[in-house]
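The numbers in the working numbering rise by one with no breaks, and the one at position 177 of the sequence shown is 1227.
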Amino acid sequence: MVNMIYSISFKENIVGDRDTNNLVFSISEDLQFFKKMTTETTMIMGRKTFESLPTGGLPKRKHVIVSNKIKTFEDAKEILGKKYIENLTFISLDKLEDYIKEESKVANISIIGGAMLYSHFLKDKNLFDLVTNIYATEVDRIPEIKNPVKLMEHSNLKERCNFEIIKTGQGKDRLDDNNLVKYNVVRYFE
Ligand SMILES: NC(=O)c1ccc[n+]([C@@H]2O[C@H](COP(=O)([O-])OP(=O)(O)OC[C@H]3O[C@@H](n4cnc5c(N)ncnc54)[C@H](OP(=O)(O)O)[C@@H]3O)[C@@H](O)[C@H]2O)c1
């Protein structure tokens, strides 16, 4: 099983903040959902998303970084600095498809971002075909930030895929003074 998972400000397709390299929402229920979906899986992420995780990475999950710059453990130590962790796997973009084919025989895989990596999956047919589900938390708030990171390819998923709303909810957003925000968790599938 290969799942892609993200939260998105669906009206503007915003998934991140370029200036801080952080998420744009922090909704406890959504973070719990992310934890449930990714625990005991192999998480594949772009280098910047790895750098945005808490130091030490996330427990009970294998961390795989997609990077064309990191080729050796020495590179990883130098580039990732204090974020470097043991048991890290890194692969270049051109090896990603083969890696997923092999790894998915032994583990469930979660593609956890960021925009560059998601976008690549949504554009590259071979990679897109490997994805079983996309779980998108579609949040009804446009964050007020100067340099949003956008995932434009999200906008036509409803035309490309089958989909079902698996949860409709509202939660406090810690990045917006704990104001209540509405969201739908949508599963996209072939
Ligand atoms: N909303 C969400 O659910 C969610 C999830 C994750 C992240 N985010 C947010 O997204 C932002 C980071 O996203 P991002 O797009 O800037 O970075 P990213 O995809 O996390 O990482 C980009 C880096 O990964 C490698 N890479 C990944 N895909 C590549 C591609 N298609 N082509 C070439 N290299 C590729 C490159 O590494 P090298 O430079 O080392 O070669 C590239 O610089 C942050 O704000 C983060 O908080 C949001």
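Ideal placement from N, C-alpha and C gives every residue a C-beta, glycine not left out.
Among 1203, 1189 and 1126, which has the Cα closest to the Cα of residue 1080?
Counted from its first residue, the sequence shown places residue 1080 at position 30. Selected option, being the one with the closest Cα: 1189.
State the CB to CB distance for the pair residue 1076 and residue 1223, rounded to an integer number of angstroms; the pair is presumed to be in contact (CB under 8 Å).
Sequence index remark: in the sequence shown, residue 1076 carries index 26 (1-based). Sequence index remark: in the sequence shown, residue 1223 carries index 173 (1-based). Their Cβ separation, rounded to whole angstroms, is 6 Å, which keeps residue 1076 and residue 1223 in contact under 8 Å.
Under 8 Å between the Cβ atoms of residue 1164 and residue 1065?
Here residue 1164 refers to the residue found at position 114 of the sequence shown. Here residue 1065 refers to the residue found at position 15 of the sequence shown. Their beta carbons are under 8 Å apart, which means residue 1164 touches residue 1065 by this criterion.
Any idea what DSSP makes of residue 1075, helix, strand or coil?
As a position in the sequence shown, residue 1075 is number 25, starting the count at 1. Three-state result, residue 1075: coil.
At what residue ranges does the segment 1067–1137 contain a whole run of the alpha helix (DSSP H), taking only runs of 4 or more?
The DSSP assignment places 1078–1088, 1097–1102 and 1123–1130 as complete runs of the alpha helix (DSSP H) inside the segment 1067–1137, in order along the chain (cut-off: 4 residues).
What is the DSSP secondary structure of residue 1186, reduced to helix, strand or coil?
Residue mapping note: residue 1186 aligns to position 136 of the sequence shown, counting from 1. When DSSP states are grouped into helix, strand and coil, residue 1186 belongs to the strand group.
Residue 1186 versus 1142, 1133 and 1218, residue with shortest Cα-Cα distance
Numbered from its first residue, the sequence shown carries residue 1186 at position 136. Considering only alpha carbons, the answer is 1218.
Using a Cβ-Cβ cut-off of 8 Å (strictly less than) and excluding sequence neighbours within five positions of residue 1213, which residues of its own chain qualify?
By one-based count along the sequence shown, residue 1213 stands at place 163. Cβ neighbours of residue 1213 beyond the five flanking positions: 1207, 1236, 1237, 1238 and 1239.
Using 7 Å as the cut-off, classify the Cβ of residue 1092 as near or not near the heavy atoms of ligand 1, replying yes or no.
The sequence position of residue 1092 within the sequence shown is 42, counting from 1. Result no, Cβ not under 7 Å from ligand 1.
Label residue 1202 either buried or exposed according to how many other C-beta atoms from any shown protein chain fall within 10 Å of its C-beta, with 16 as the threshold for buried.
Here residue 1202 is taken as the residue at index 152 of the sequence shown, counted from 1. Classification of residue 1202: exposed, given that the 10 Å Cβ count is below 16.
Does the segment 1152–1172 come within contact of the segment 1122–1129, defined as at least 3 CB pairs closer than 8 Å?
By the C-beta criterion, the segment 1152–1172 is judged not to be in contact with the segment 1122–1129, since fewer than 3 inter-stretch pairs fall below 8 Å.
Roughly how many angstroms lie between the CA atoms of residue 1196 and residue 1216, to the nearest whole one?
Indexing the sequence shown from 1 puts residue 1196 at position 146. Indexing the sequence shown from 1 puts residue 1216 at position 166. The alpha-carbon atoms of residue 1196 and residue 1216 are separated by roughly 32 Å.
According to DSSP, what are the bridge partners of residue 1244?
Past the edges of the chain, shown from 1051 to 1240, lies residue 1244, and the structure says nothing about it.
So, residue 992 versus residue 1087, is the Cβ gap smaller than 8 Å?
Since the first residue of the chain shown is 1051 and the last is 1240, residue 992 is not available in this structure.
Under 8 Å between the Cβ atoms of residue 1112 and residue 1089?
Along the sequence shown, one-based indexing puts residue 1112 at 62. Along the sequence shown, one-based indexing puts residue 1089 at 39. At a Cβ-Cβ threshold of 8 Å, residue 1112 and residue 1089 do not count as neighbours.
Taking the DSSP output, what are the residues bridged to residue 1158?
Position 108 of the sequence shown, counting from 1, holds the residue named residue 1158. Partner residues in a beta bridge of residue 1158, as assigned by DSSP, do not exist.
Under the criterion of a Cβ to heavy atom distance below 7 Å, does residue 1180 qualify as lining ligand 1?
The residue you call residue 1180 lines up with position 130 of the sequence shown. Residue 1180 Cβ: outside cutoff for every heavy atom of ligand 1.
Between the C-alpha atoms of residue 1124 and residue 1231, what's the straight-line distance to the nearest angstrom?
Taking the sequence shown and counting its residues from 1, the one referred to as residue 1124 is at position 74. Taking the sequence shown and counting its residues from 1, the one referred to as residue 1231 is at position 181. Straight-line Cα distance between these residues: approximately 43 Å.
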